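Heads up, the thing below is written out as structure tokens.
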Amino acid sequence: KGTVSLYMIAKKYNYDFYLDLTSHPIGKYITQNIPNNLTNLDKEVDEYFINFNIFNHDNLIEEVNKKMENQDIGLFETNCEPKVVNEITNEDKLKLQQIIKPNLYLQNKIDSIKDELNLIKYSILHIRTGDNNINKGLDSKIISSVENQLSKISLPNNILLLSDSNELKIYLNEKYNYNIIQSEIIHLGYLNSNNKESGIESTLIDFFLICGSNKIY
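The sequence shown begins at 49 in my numbering and counts up by one.
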């Protein structure tokens with residue numbers, strides 16, 4: 049959300065926009081489009097993080113413009129979502145797809161999974177159990193809720209099940225024979241997991257498999 053917000057502010061007020069992931073753990077897996085002279089700058093980063101909507105999202109626009117009045121380069125981190133995000137076009141979406149794109153290593157991993165599971169024209173069944181339940185074991189209430197929802201949808205044959213619960217994936221695979229990938233997903237906002245390195249890779253693979261699907265349930 050923050051990346052899209054800053055991109056849209058840059059577009060609206062004619063700033064050049066770059067996403068710098070060189071110091072972020074996911075940067076190892078994403079193609080970098082930022083010029084070398086704009087990375088690792090000895091410059092303070094302005095952070096605007098909000099929780100539970102207690103801050104006015106649209107203040108981000110004012111803050112960015114205020115900072116940019118007196119400097120050539122601004123470094124911003126945010127999860128704000130100002131109204132300008134609603135103006136995004138298909139052209140903007142295509143540009144953002146090029147900014148957040150898997151590098152050759154990750155793309156090869158994704159292609160290998162697609163070949164192994166015969167994912168040519170495929171749909172995704174994506175089940176989020178919630179941040180507090182990531183890989184915490186199976187919860188009978190969640191299973192009951194999920195199966196209740198599944199009974200209401202007609203799914204195609206070539207479906208790939210992705211979830212933030214590996215245990216739930218295994219359970220549903222054994223019961224319904226969905227395609228799954230054995231992997232443990234982590235929350236990219238926390239990164240305090242014991243399996244951080246493999247978890248980041250698995251989470252990004254899921255993300256780009258979702259992006260490449262025909263339909264998401």
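Ideal placement from N, C-alpha and C gives every residue a C-beta, glycine not left out.
No experiment lies behind these values; they were computed from the predicted model shown.
*What residues match up with His-105 in a beta bridge as DSSP calls it?*
Here residue 105 refers to the residue found at position 57 when the sequence shown is read from its first residue. Paired residue(s): none; His-105 is not in a bridge.
*Are Ser-261 and Tyr-170 close, meaning C-beta to C-beta below 8 angstroms?*
Your numbering for residue 261 matches position 213 in the sequence shown. Your numbering for residue 170 matches position 122 in the sequence shown. Cβ distance < 8 angstroms, so Ser-261 and Tyr-170 count as in contact.
_Just to confirm my understanding: we take Ile-24, look at its own chain, exclude 5 residues before and 5 after, and list those with CB closer than 8 angstroms. What are they?_
With the chain represented from 49 up to 265, any question about residue 24 goes unanswered, as that position is not in the structure.
*For Thr-177, which option in Leu-167, Ile-168, Ser-188 has the closest C-alpha, if you only look at C-alpha atoms?*
By 1-based counting over the sequence shown, the position of residue 177 is 129. Here the closest residue by C-alpha is Ser-188.
*Near Leu-165, which residues of its chain fall below 6 angstroms by C-beta distance, leaving aside the five closest residues on each side in sequence?*
Walking along the sequence shown from the start, residue 165 turns up at place 117. Here the set comprises Asn-227.
*asked:* What does the alpha-carbon distance come out to for the pair Lys-200 and Val-194?
replied: Working through the sequence shown from its first residue, we reach residue 200 at position 152. Working through the sequence shown from its first residue, we reach residue 194 at position 146. Spanning the two alpha carbons is a distance of roughly 10 angstroms.
_Considering only their Cβ atoms, is the gap separating Ile-161 from Ile-229 smaller than 8 angstroms?_
Residue mapping note: residue 229 aligns to position 181 of the sequence shown, counting from 1. Residue mapping note: residue 161 aligns to position 113 of the sequence shown, counting from 1. Going by C-beta atoms, Ile-229 is nearer than 8 angstroms to Ile-161.
*Own chain residues within Cβ distance below 7 angstroms of Asp-106, not counting five before or after*: Taking the first residue of the sequence shown as 1, we reach residue 106 at position 58. So the qualifying residues of the chain are Pro-130, Lys-131.
*Name the one or two DSSP bridge partners that Ser-211 has.*
In the sequence shown, counting from the first residue as 1, residue 211 sits at position 163. Its beta-bridge partners are Ile-175.
*Note down, in chain order, each residue of its chain lying with its Cβ closer than 8 angstroms to the Cβ of Leu-216, except the 5 sequence neighbours on either side.*
In the sequence shown, the residue the question calls residue 216 occupies position 168. These residues qualify, in order along the chain: Ile-175, Thr-177, Leu-186, Ile-190, Ile-191, Val-194.
*asked:* Less than 7 angstroms between C-beta atoms, sequence neighbours within five positions excluded: which residues of the same chain meet that for Asn-151?
replied: The residue labelled residue 151 in the question sits at position 103 within the sequence shown. Around Asn-151: Tyr-77, Ile-78, Thr-79.
_Cβ-based burial, Tyr-55 [other Cβ within 10 Å; buried from 16]_ = By 1-based counting over the sequence shown, the position of residue 55 is 7. So Tyr-55 ends up on the buried side.
*Opening and closing residue of the alpha helix (DSSP H) in which Glu-245 lies*: Against the sequence shown, residue 245 aligns to sequence position 197. 244 to 259 is the span of the alpha helix (DSSP H), which, as asked, contains Glu-245.
_Outcome for Ile-258 when other beta-carbon atoms lying within 10 angstroms are tallied against a minimum of 16_ = Locating residue 258 in the sequence shown gives position 210, where the first residue counts as 1. Exposed, by the Cβ-count rule.
*Buried or exposed (CB count within 10 angstroms, at least 16 for buried), Ser-277*: With the chain covering 49 to 265 only, the question about residue 277 has no answer from this structure.
*asked:* According to DSSP, is Tyr-96 part of a helix, a strand, or is it coil?
replied: In the sequence shown, counting from the first residue as 1, residue 96 sits at position 48. In this structure, Tyr-96 counts as strand in the three-state DSSP scheme.
*Under 8 angstroms between the Cβ atoms of Ser-71 and Thr-126?*
Here residue 71 refers to the residue found at position 23 of the sequence shown. Here residue 126 refers to the residue found at position 78 of the sequence shown. No, they are not a contact pair.
*Quick one, are the C-beta atoms of Val-112 and Ile-57 less than 8 angstroms apart?*
Here residue 112 is taken as the residue at index 64 of the sequence shown, counted from 1. Here residue 57 is taken as the residue at index 9 of the sequence shown, counted from 1. In this structure, Ile-57 lies closer than 8 angstroms to Val-112 by Cβ.
*Between the C-alpha atoms of Asn-82 and Met-116, what's the straight-line distance to the nearest angstrom?*
Mapped onto the sequence shown, residue 82 falls at position 34. Mapped onto the sequence shown, residue 116 falls at position 68. Note that residue 82 is Ile in the sequence shown, not Asn. The alpha-carbon atoms of Ile-82 and Met-116 are separated by roughly 19 angstroms.
*Going by DSSP, what residues sit across from Glu-124 in a beta bridge?*
For the purposes of this step, residue 124 is taken as the residue at position 76 of the sequence shown. Residue 124 is actually Phe in this sequence, not Glu. Beta-bridge pairing links Phe-124 to Asp-94.
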